[in-house]
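For the sequence shown, position 38 matches number 824 in our numbering, and the numbering has no gaps at all. Backbone N, C-alpha and C define an ideal beta-carbon position, used for all residues, glycine too. Please read the structure below before turning to the comments.
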Amino acid sequence: AKTTETHQLALDSHKTETAAALEARKLALETHMADALKALEETKLALDSHKTETGKTAEEHQRALEAHKTELTAVLETDRKALDAYKAEIAKSTETQQLALDSHKTETAA
787 AKTTETHQLA LDSHKTETAA ALEARKLALE THMADALKAL EETKLALDSH
837 KTETGKTAEE HQRALEAHKT ELTAVLETDR KALDAYKAEI AKSTETQQLA
887 LDSHKTETAA
């Protein structure tokens, strides 16, 4: 019973650490997304200002803005995929540990 309790405490601790790490990654991703959106807006404002000052065509600026949007979207998508993969890895690890703990409890009870 003492060993099972120790395993349960270790599992609970791992779950807590995992949740904290996941939350930190989520906050970092949200911050990155906010920064990226801010940069996109600043770029748009700069392009609008530049267009007015230089008289360049709106089409050229639109292409540049779209290219920048595409780059930022790719970065955000990569981060989202990494976060999803991390979540899946943590879920699998937690499930594996739970199965091991359950198996150990069954062996201990027998």
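The segment 858–869 makes contact with the segment 818–836, as at least three CB pairs between them are under 8 Å.
When DSSP assignments are scanned along the segment 827–866, no uninterrupted stretch of beta strand (DSSP E) that is 3 or more residues long falls wholly within it. Taking the Cα positions, T792 is about 50 Å away from T856. Contact between T829 and L815 is ruled out by a C-beta separation of about 21 Å, above the 8 Å threshold. In this structure the segment 790–810 does not lie against the segment 824–840, because fewer than three pairs of beta carbons, one per stretch, are closer than 8 Å. Beyond the five residues adjoining it in sequence on each side, A886 comes within less than 7 Å, by CB distance, of no other residue in the same chain. In this structure, the CA atom of T789 is about 30 Å from the CA atom of Y872.
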